[in-house]
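Residue numbers (numbering that gives the first Met the number 0): 0 to 512.
Built from N, CA and C at the ideal position, the CB exists for glycine as well.
Model, not experiment: these values are computed from the prediction.
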Amino acid sequence: MLMQPLRNNASRRQTSTVKFVPPPIKGWNARDDLTDMDKDEATVLDNIIPSDTGIFLRNGYTEWVTGLPSAIQALMEYNAPSGTPKLFGATTSAIYDVTSAGAVGAAVVSTLSNGWWQHLMFSTAGGTFLVLTNGADGVRNYNGTTWSTPSITGVTSANLITVTAHQSRLWFIEENTMKVWYLPALSVAGAATAIDLGGLSRLGGKLMAMASWTRDSGNGIEDLAAFITSRGEVHVYSGTDPASADTWQRVGTFKIPEPVGRRCLIKVGGDVGILTTQGLVPLSGVLSRAESAQGKIAITDRIRNAFTSAYAEAPTANGWQCTEYPVGKLLVLNVPIVENETSVQFVMNANTGAWCRFTGINTNVWSLKGTELFFGGVDGTVYKYGGAADNDASIDGLSISAFNDFGTPMTKNFKRIRPQFFGPSGYRPAIALRLDYSDEYVIYNAASFVASGTAWDEGTWDEASWASPAQSSALWQGITGEGFTAGIVVRLSSTEPITYNGAKILYETGDQL
0 MLMQPLRNNA SRRQTSTVKF VPPPIKGWNA RDDLTDMDKD EATVLDNIIP SDTGIFLRNG
60 YTEWVTGLPS AIQALMEYNA PSGTPKLFGA TTSAIYDVTS AGAVGAAVVS TLSNGWWQHL
120 MFSTAGGTFL VLTNGADGVR NYNGTTWSTP SITGVTSANL ITVTAHQSRL WFIEENTMKV
180 WYLPALSVAG AATAIDLGGL SRLGGKLMAM ASWTRDSGNG IEDLAAFITS RGEVHVYSGT
240 DPASADTWQR VGTFKIPEPV GRRCLIKVGG DVGILTTQGL VPLSGVLSRA ESAQGKIAIT
300 DRIRNAFTSA YAEAPTANGW QCTEYPVGKL LVLNVPIVEN ETSVQFVMNA NTGAWCRFTG
360 INTNVWSLKG TELFFGGVDG TVYKYGGAAD NDASIDGLSI SAFNDFGTPM TKNFKRIRPQ
420 FFGPSGYRPA IALRLDYSDE YVIYNAASFV ASGTAWDEGT WDEASWASPA QSSALWQGIT
480 GEGFTAGIVV RLSSTEPITY NGAKILYETG DQL
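Here's what the structure looks like:
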């Protein structure tokens, strides 16, 4: 009797499949478990910004003003009604004009003892003023030409540490107290009057910040004054004249997480964002919620664990700050690691709400000058954010996407990958895989790319050697790895812009889980 050949086991036959893996446009997720992330999120996104359609290397920076004697602790923009904006940088001992690029000149204000200034712009009939205070050296005013020390009576000016404009008045918080002082309307000097909030603050502590908050009360728009203590109590008042009981009333006292640092506020339209121990929270959203639930509506919720870890490492360090960069559509949260030494930045795409992290930028402070963004280096240099290199050095970026099972529980033997890039001609970034929720991967570092010519239209005609224009690249390359799930690792290093738009991956399926 003839034996029949065994049939192949179709369930064990390997078949090749090609799937598209999207770029992590939803950004950095430092909140959810690895098994519960979307395939277009990233577990790591360093120096790479997520956009609507892809991810791209962040901008670099160039030296703007050099030669300040120590770490820069404040940058302050002055905007007159007309003319070019000015920028001033402060170290521990002095303030310098850093408006124009080049070597720094002589100090415009000297013999100081603290560089951590809080500041704002304020206009009166007498002019347009930059008003600043630091809780040690007294209030300073700048009117576009002259620096002065205003005469403020009733309180020791050197003890005033924050300044806020509300209802056409300047308000100052007195260091290590529950007192807030206000000046006469439309004045930058004169007799200050105190409001002591100690009797309302059941949790103790001190006043940390004051916000001017615009909200729709149901009967129209109203401006409220919100006083925030170091223990997270928020005393809210309505009205125009704090000297009159008829026009100044207490709305209530609310509890939020404790604020982080003196530079804990950022204006977002009519709302106010407050940097707290649970992240950056909108004032309008937290006052109606229990404190334990407020972190869930934080703007930083998707990077919750990273923020909590960073705060635990440097809770009292100066350098925490939020800055909006409208032209770049970014929200920059500066995170000090070691005060006056190292920092990182948690950065949100303001259009999409997706986060990433910047590394390699060590600063205490960021500031706009007009539409341009600057930061004060801990090395005594003011840098301008922009361009495609970090002071002529390559920018190193790393993206590690969330794990993906590609729609099947089968084992996959990964063979080839075709990443889609737009960048310098000939550039081949390094690619690798992470398998089955492991944090291990093998990758060859991408070679640093430096353009061989001058960027188009930036050199001298008939003399410069023009660099090759950016090109689309989608080339298959070999990879190896076997597992049920995989995450794509992309490492970039370049002095030219690069965008990653996802990849096609080829694998053979094997046994089912």
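Which residue's Cα is closest to the Cα of residue i: the options?
i, options, result
"residue 259", "18, 286, 238, 229", "229"
"residue 336", "377, 323, 300", "377"
"residue 168", "136, 313, 210", "210"
"residue 491", "54, 233, 74", "54"
"residue 301", "25, 469, 422", "25"
"residue 396", "175, 322, 109, 497", "497"
"residue 423", "166, 185, 499", "499"
"residue 172", "183, 155, 166, 185", "155"
"residue 598", "507, 411, 398", "With the chain running from 0 to 512 in the structure shown, residue 598 is simply not present."
"residue 485", "345, 409, 177", "409"
"residue 75", "290, 89, 47, 22", "89"
"residue 344", "32, 45, 261, 149", "45"
"residue 178", "245, 196, 478", "196"
"residue 439", "394, 477, 488, 478", "488"
"residue 434", "333, 493, 478, 95", "478"
"residue 266", "214, 86, 87", "214"
"residue 98", "250, 380, 501", "380"
"residue 514", "181, 188, 246", "The requested residue 514 is not part of the displayed model; the chain covers only 0 to 512."
"residue 417", "309, 502, 112, 207", "502"
"residue 146", "194, 95, 153, 319", "95"
"residue 38", "23, 138, 93", "23"
"residue 130", "124, 119, 192, 136", "119"
Going by beta carbon distance, what residues of the same chain come within less than 8 Å of residue i, once the five residues before and after it are set aside?
i, result
"residue 328", "348, 349, 350"
"residue 359", "46, 389, 394, 395"
"residue 15", "414, 505, 506, 507"
Can you give me the Cβ contacts of residue i inside the same chain, cut-off strictly under 6 Å, excluding the 5 residues immediately before and after it?
i, result
"residue 446", "Because the pLDDT of residue 446 is 44, which lies under 50, any placement of that residue in the model is unreliable, and the question is left without a value."
"residue 369", "84"
"residue 142", "126, 128"
"residue 471", "421"
"residue 323", "330"
"residue 115", "72, 133, 317"
"residue 482", "434, 435"
Buried or exposed for residue i, going by 16 or more other Cβ atoms inside 10 Å?
i, result
"residue 29", "buried"
"residue 475", "exposed"
"residue 201", "exposed"
"residue 243", "exposed"
"residue 198", "exposed"
"residue 268", "exposed"
"residue 426", "buried"
"residue 340", "exposed"
"residue 304", "exposed"
"residue 293", "buried"
"residue 495", "buried"
"residue 240", "exposed"
"residue 443", "Confidence at residue 443 is low in this model, with a pLDDT of 41, below 50, so its placement is unreliable and the value that follows should be read with caution. So residue 443 ends up on the exposed side."
"residue 19", "exposed"
"residue 257", "buried"
"residue 132", "buried"
"residue 400", "buried"
"residue 185", "exposed"
"residue 361", "buried"
"residue 314", "exposed"
"residue 224", "buried"
"residue 448", "With a pLDDT of 47 at residue 448, under the threshold of 50, the predicted position of this residue should be treated as unreliable, though the coordinate-derived value follows. Burial call: buried."
"residue 320", "buried"
"residue 51", "exposed"
Just confirm the distance between the C-beta atoms of residue i and residue j, as a whole number of angstroms; I'd bet it's less than 8 Å.
i, j, result
"residue 271", "residue 286", "11 Å between Cβ atoms; not a contact."
"residue 413", "residue 432", "6 Å"
"residue 402", "residue 436", "6 Å"
"residue 232", "residue 252", "6 Å"
"residue 163", "residue 170", "5 Å"
"residue 187", "residue 158", "No, residue 187 and residue 158 are not in contact; Cβ-Cβ is about 18 Å, not under 8 Å."
"residue 117", "residue 262", "7 Å"
Any heavy atom of the ligand FMN inside 7 Å of the beta-carbon of residue i?
i, result
"residue 246", "As for the ligand FMN, it is missing from this structure, which has no ligand bound."
Using a Cβ-Cβ cutoff of less than 7 Å, which residues in the same chain neighbour residue i once the five nearest sequence positions on both sides are dropped?
i, result
"residue 382", "60, 61, 62, 63, 373, 374, 376"
"residue 217", "Confidence at residue 217 is low in this model, with a pLDDT of 49, below 50, so its placement is unreliable and no value can be given for it."
"residue 459", "Here the model assigns residue 459 a pLDDT of 49, short of 50, so the residue's position is not dependable and the matter cannot be decided."
"residue 357", "46, 57, 343, 344, 346"
"residue 80", "127"
"residue 457", "In this prediction, residue 457 scores a pLDDT of 47, lower than 50, which makes its location untrustworthy; the coordinate-derived value is nonetheless stated afterwards. Taken in chain order, the list of residues that qualify is empty."
Output yes if chain B places a C-beta closer than 8 Å to the C-beta of residue i; else output no.
i, result
"residue 115", "Although the question refers to chain B, the structure presented lacks it and comprises just one protein chain."
(message) Which runs of the beta strand (DSSP E) at least 3 residues long sit entirely within the segment 316 to 344? Give them in chain order.
(response) 320 to 324, 329 to 337
(request) Please go through the segment 207 to 291 and give each complete beta strand (DSSP E) segment of 3 or more residues, from N-terminal end onward. (result) 220 to 228, 232 to 238, 247 to 254, 264 to 267, 270 to 275, 278 to 281
(request) Counting only runs of 3+ residues fully inside the segment 350 to 414, write out the beta strand (DSSP E) ranges in chain order. (result) 354 to 357, 362 to 368, 371 to 376, 381 to 384, 394 to 400
(request) Could you pull out every unbroken beta strand (DSSP E) segment of at least 3 residues lying fully inside the segment 7 to 74, listed in chain order? (result) 14 to 20, 41 to 45, 47 to 49, 54 to 56, 60 to 65
(request) Any chance you could list the beta strand (DSSP E) runs of at least 3 consecutive residues sitting entirely within the segment 93 to 179, in chain order? (result) 94 to 96, 117 to 123, 126 to 132, 139 to 141, 159 to 165, 168 to 173
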